[in-house]
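Undergrad: If you read the sequence shown in the UniProt record's numbering, its first letter stands for residue 1, the second for the next number, and so on.
The beta-carbon is built from N, C-alpha and C at its ideal position, and this holds for glycine as well.
One structure is given below, represented as structure tokens, and several questions about it will come after.
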Amino acid sequence: MTALTSPSFRPDPLSLRAGDGASVHVQNLTVKFGSNTVLRDLTLDVAPGERVAVVGASGGGKTTLLRVLAGLTPHSAGQVQIRQASDEARVRVMFQEDRLLPWLGALDNVTLGLPRAERNVGLTALTGVGLADRASTYPHELSGGQRQRVALARALAHRPALLLLDEPFGALDALTRASMHTLLETLLDDTGATTLLVTHDLDEALKLADRVLLLRGGEVAADVRPAAPRPRDRVALEPLRQHLEGQLL
Ligand SMILES: Nc1ncnc2c1ncn2[C@@H]1O[C@H](COP(=O)(O)OP(=O)(O)OP(=O)(O)O)[C@@H](O)[C@H]1O
């Protein structure tokens, strides 16, 4: 029985905090689709609260890694453990498409699947993404950026210990994406969730992550930690960006 589901539990309406972020332990992970080996003997440890960006050429296995962590894709060999010290680790995924239900308003989309006792967190999350005044607005009445903010609120309202983001801003224009970066940084500081972000955008990776993992041929080709503190200065990161870019080609 987790503390979150006990009848006496009253979530703090001002907090989206996940508790401790989850730790992720992946050992000798292999994923094959038929004769295609997509992840090959991959070993990875992620510490609680760490933010990892996963980059790499198209088809390199980034989404597959995320889907294995989310329990959506079975693995062929190896071990995957997701642990949270104080609770059962909750895992949420956010995709490039918002995947909102068109017949539900924003708040109902955010609270869908939440236990009744936790529904008030939905409004906190919607407030966190700046859309409290659009609670009853339907997805088709929102812009693409606003829909992704609702999708982010939905992920955060579940207070995940592990947040998996698969190209969440890939379909947004550059300005909206930049404002989503700022928003995500603030919200992640609030939640403490361990985060894996799959992205094609090296600048996004270097701006948001504590650690950048480059996948190539189903293996970890680079695992680097930008030394600069956040918020990061683009100029200071340029040598590291060029180094990673060289390995992406
Ligand atoms: N369900 C599946 N069945 C068969 N093959 C699959 C399946 N899912 C992924 N693959 C294959 O696995 C490989 C890796 O795909 P994956 O989506 O993980 O790569 P990616 O690095 O996320 O690529 P992109 O950057 O283009 O999104 C590809 O060759 C893809 O065709």
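Quick one: grab the DSSP three-state call for residue 231.
TA: In the structure shown, residue 231 sits in coil (DSSP, three-state: anything other than H, G, I, E or B).
Undergrad: Under the criterion of a Cβ to heavy atom distance below 7 Å, does residue 95 qualify as lining ligand 1?
TA: Flag unset: Cβ of residue 95 not near ligand 1.
Undergrad: By how many angstroms is the C-alpha of residue 236 removed from the C-alpha of residue 90?
TA: Straight-line Cα distance between these residues: approximately 35 Å.
Undergrad: Who does residue 84 pair with in a DSSP beta bridge?
TA: DSSP lists no partner for residue 84.
Undergrad: From the DSSP secondary-structure annotation, give me the bridge partner or partners of residue 211.
TA: Residue 211 is bridged to 52.
Undergrad: Which same chain residues end up closer than 8 Å to residue 247 when comparing Cβ atoms and leaving out the 5 residues on each side of it in sequence?
TA: Excluding positions up to five away in sequence, the list reads 214, 216, 221, 222.
Undergrad: For the beta strand (DSSP E) that residue 224 lies in, which residues bound it at each end?
TA: Where residue 224 is concerned, the enclosing beta strand (DSSP E) stretches over 219-224.
Undergrad: Measure from the alpha carbon of residue 232 to the alpha carbon of each residue in 33, 174, 205, 101, then state which is nearest.
TA: When only C-alpha atoms are compared, the closest one is 205.
Undergrad: Do three or more CB pairs link the region 91-99 to the region 149-156 at distances below 8 Å?
TA: Short answer: they touch.
Undergrad: Less than 7 Å separating the Cβ of residue 37 from some heavy atom of ligand 1?
TA: For ligand 1, not one heavy atom lies less than 7 Å from the Cβ of residue 37.
Undergrad: Name the two residues that bound the continuous alpha helix (DSSP H) containing residue 23.
TA: Where residue 23 is concerned, there is no enclosing alpha helix (DSSP H), although the beta strand (DSSP E) it sits in stretches over 23-33.
Undergrad: Spatial neighbours of residue 229 within its chain, please: CB distance less than 8 Å, with the 5 preceding and 5 following residues excluded, ordered by chain position.
TA: Nothing meets the Cβ criterion.
Undergrad: Since residue 65 is in the alpha helix (DSSP H), which residue starts that stretch and which ends it?
TA: Counting along the chain, the alpha helix (DSSP H) containing residue 65 begins and ends at 62-69.
Undergrad: On the criterion of 16 or more Cβ atoms from any shown chain inside 10 Å, does residue 109 qualify as buried, or is it exposed?
TA: Per the 10 Å Cβ criterion, buried.
Undergrad: According to DSSP, what are the bridge partners of residue 180?
TA: Per DSSP, none; premise fails for residue 180.
Undergrad: Would you say the beta carbon of residue 199 comes nearer than 7 Å to a heavy atom of ligand 2?
TA: Annotation note on ligand 2: not contained in the displayed structure, which lists ligand 1 as its ligands.
Undergrad: Please classify residue 147 as buried or exposed, where buried requires at least 16 other C-beta atoms within 10 Å of its C-beta.
TA: Answer is buried; the Cβ neighbour count reaches 16.
Undergrad: If you drop the 5 nearest sequence neighbours on each side, which residues of the same chain put their C-beta closer than 7 Å to that of residue 144?
TA: Cβ neighbours of residue 144 beyond the five flanking positions: 171, 172.
Undergrad: So residue 108 is in the alpha helix (DSSP H); what residue range does that whole segment cover?
TA: That run of the alpha helix (DSSP H) goes 106-111.
Undergrad: What do you reckon, are the CB atoms on residue 196 and residue 26 nearer than 8 Å?
TA: No; because the gap between Cβ atoms is not below 8 Å, this pair is not in contact.
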